[in-house]
Amino acid sequence: MLLIECPWCGPRAESEFSCGGEADIARPLDTDKLTDREWGDYLFMRKNPRGVHREQWLHTQGCRRWFMATRDTVSYEIQGYQTFPTQAEAAANAAQEGKQK
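Under our numbering, the first residue of the sequence shown carries the number 1390, and numbering increases by one thereafter.
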């Protein structure tokens, strides 16, 4: 059994979590202009890498919060965790990026 460390609740059994799939996939900005193929690629096509990659996880049987885990798909070893920014942090980051342009 895989032991996953929720950033808020601590170590828990894998059965308490739902995998949300590959992280770092940006939703297209204007989905109305996508072809059916482009929309299908966004929804269903994933890399499925062998080795280290980032995944989204939801603590469904606990705090119900999302986070990212960096996991090796060969050894199943989880190498690190990262939380998503809060709305305030995301707004501050967007404002900072706007100043840099």
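For each residue, glycine too, the CB sits at the ideal point set by N, CA and C.
A quick note: this is a predicted structure, and the numbers were derived from the prediction, not measured.
When you compare only the Cα positions, how much space is there between residue i and residue j?
| i | j | result |
| --- | --- | --- |
| T1424 | D1430 | 10 Å |
| A1402 | M1457 | 16 Å |
| E1486 | A1480 | 10 Å |
| A1477 | E1427 | 31 Å |
| P1417 | E1394 | 31 Å |
| G1440 | G1469 | 14 Å |
| N1482 | L1391 | 34 Å |
| A1415 | S1464 | 27 Å |
| D1413 | F1473 | 11 Å |
| H1448 | T1459 | 16 Å |
| L1432 | E1411 | 11 Å |
What residue range is occupied by the uninterrupted alpha helix (DSSP H) comprising residue i?
| i | result |
| --- | --- |
| E1394 | From DSSP, E1394 is part of no alpha helix (DSSP H) but of the beta strand (DSSP E) over 1392-1395. |
| Y1431 | 1425-1433 |
| G1487 | 1476-1489 |
If I follow the unbroken beta strand (DSSP E) through residue i, where does it start and stop?
| i | result |
| --- | --- |
| A1458 | 1455-1461 |
| T1472 | 1467-1472 |
| P1400 | 1399-1402 |
| L1418 | Taken as a continuous stretch (DSSP letters only), L1418 belongs to no beta strand (DSSP E), as it is neither H nor E. |
| G1410 | 1407-1411 |
| R1443 | 1441-1447 |
Please state the DSSP three-state secondary structure of residue i.
| i | result |
| --- | --- |
| S1464 | coil |
Answer yes or no: the CB of residue i versus the heavy atoms of the ligand SAH, is any distance below 7 Å?
| i | result |
| --- | --- |
| E1411 | What this structure holds is no ligand at all, so the ligand SAH is not there to describe. |
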